Amino acid sequence: VTELVRTSDGRTLAVDSGDDPAGRPVLALMVAHARWLAGQIPGVEARLLEGDGHLTLLHNRVGEVHEWLLAHS
Amino acid sequence: VVLLHGLTATRRYVVMGSRTLERSGLHVIAYDARGHGASSPAPAPQQYGYDQLVGDLRAVLDELRIERAVLAGASMGAHTALAFALAHPARVAALCAITPAYDPAQADSGRSLARWDVLAAGLRSGGVEGFVRAYDLASVPERWRETVATVLRQRLSAHQHPGAVADALEAVPRSRPFASLEHLREITAPAIVIGSRDEADPGHALSLARSYAAALPHARLEVEPEGRSPLAWQGGAVSRLIVDLAATVTP
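Here the protein sequences line up with chains A and B, keeping their order. The letter at position 65 of the first sequence is residue 133 when you use my numbering, and the numbering goes up by one with no holes. The letter at position 101 of the second sequence is residue 209 when you use my numbering, and the numbering goes up by one with no holes.
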């Protein structure tokens, strides 16, 4: 919930307080960590996908994941 | 817990969207500093100093009827939290100072002020891309450069009043949150100082974070292991430290 708080000089500050205070995750940082993680695993095949996230992967990419697993089983 | 972001950032950029604080049962408050994000510009370009930033934090706590809080701030937000703790010690339960940058010994040096003025001029003349061009990306190690450029573009695009951010870029580095690190010895609240190794973030010197942690009587320093991505950039890890810190506070 974003509300406006008045400052002593009569301006307003946007303040979040409640269930969703920090907004959406900073995706660029998550991608950076995925890249780092991939770098730690020898022989890894990293697929860093623009526009996909934790939940959309399940929806959009699960077919690819199954194909990859079958191809390597 | 009140989250205070750094210069040119917005309220998202302290714990980077992590929900760990709320999941731990803490009441989380995050706000955009004056001139940043969705907050109004100051009445005049000079009015972005630490006196005003401390006054704004007081206004937020007063409006939400919060007498005492854990404060967690990054860079400008860290300096604001510490200055607030000096002015209102009874209202600060604990402090998390993430990558402090203010060095009282260097504050008036023309070289460091010129760096901020170049960024302000870049933002004024060329918008977000002007800012990114003015930012010294060549000084960022190659493995971090793309990430830093992306984060800069994202966070600079989040401001409703870019001209106000340019004013803040000139005014904040000219303002002193406290006269010397010696003053930090007066702060008795438990504290954590999070530093970043200089390889990834040379603008927030690890040596300065060490000095802050040494000056604060009840502080410990947290830094990522060598070669790892900066702790300060990992919202979940920062949040877990804040949760631990809050757990030490007596109600």
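Beta carbons: idealized from backbone N, C-alpha and C, even for Gly. Since we're looking at a predicted model, the values are computed, not measured.
query	result
Per DSSP, the bridge partner or partners of LEU126/A	Beta-bridge pairing links LEU126/A to no other residue.
Under 7 Å by beta carbon: chain A residues contacting GLU171/B	VAL73
Which residues DSSP lists as bridging SER85/A, in chain order	ILE137/B
CB contact below 8 Å: ALA177/B versus chain A	no
Residue range of the unbroken beta strand (DSSP E) whose run includes GLU71/A	70–74
Boundaries of the alpha helix (DSSP H) in which VAL110/B is found, first to last residue	Where VAL110/B is concerned, there is no enclosing alpha helix (DSSP H), although the beta strand (DSSP E) it sits in stretches over 110–112.
Segments of 3+ residues assigned as beta strand (DSSP E) that fall wholly inside the segment 192–244 of chain B	200–206
Nearest residue (CA-CA) to ALA100/A, options ARG263/B, ALA117/B, VAL256/B, LEU194/B	VAL256/B
Neighbour-count burial assignment, PRO338/B, 16 or more Cβ in a 10 Å radius	buried
Three-state secondary structure assigned by DSSP to THR255/B	helix
C-alpha gap between PRO151/B and GLU113/A, whole angstroms	53 Å
Interfacial residues, the segment 187–213 of chain B to chain A, with Cβ spacing under 9 Å	none
Of the residues PRO212/B, GLY181/B, TRP224/B, ILE295/B, the one placed nearest CYS204/B, counting alpha carbons only	GLY181/B
Alpha-carbon spacing of PRO89/A relative to LEU112/B, whole angstroms	Summary for PRO89/A: the model assigns pLDDT 46, below 50, so the residue's position carries little reliability; its value from the coordinates is reported in the next sentence. Near 12 Å, if we compare the C-alpha coordinates of LEU112/B and PRO89/A.
Contact set for PRO212/B: own chain, Cβ-Cβ below 8 Å, skip 5 residues either direction	ARG284, PHE286, ALA287, SER288, LEU289
Closer than 8 Å to chain C by CB, ASP309/B	Among the protein chains in the structure shown, which are A and B, there is no chain C.
Cα-Cα separation between GLN154/B and ALA274/B, rounded to whole angstroms	11 Å
Own chain partners of LEU227/B with C-beta closer than 7 Å, once the 5 adjacent residues on each side are dropped	PHE239, ALA242, TYR243, LEU277
Check whether VAL178/B and ALA215/B have beta carbons under 8 Å apart	no
Distance between beta carbons of VAL200/B and ALA297/B, contact taken as under 8 Å	5 Å
Boundaries (first-last residue) of the alpha helix (DSSP H) holding GLU278/B	270–279
Beta-carbon proximity check, LEU314/B vs PRO208/B, cutoff 8 Å	no
beta-carbon GLY234/B near the ligand FAD non-hydrogen atom, thresh 7 Å	Of the ligands one can find in the structure shown there are none, so the ligand FAD has no counterpart to examine.
Interface positions of the segment 121–139 of chain B facing chain A (Cβ-Cβ less than 9 Å), listed along the chain	TYR121, VAL122, VAL123, MET124, GLY125, SER126, ARG127, LEU129, GLU130, HIS135, VAL136, ILE137, ALA138, TYR139
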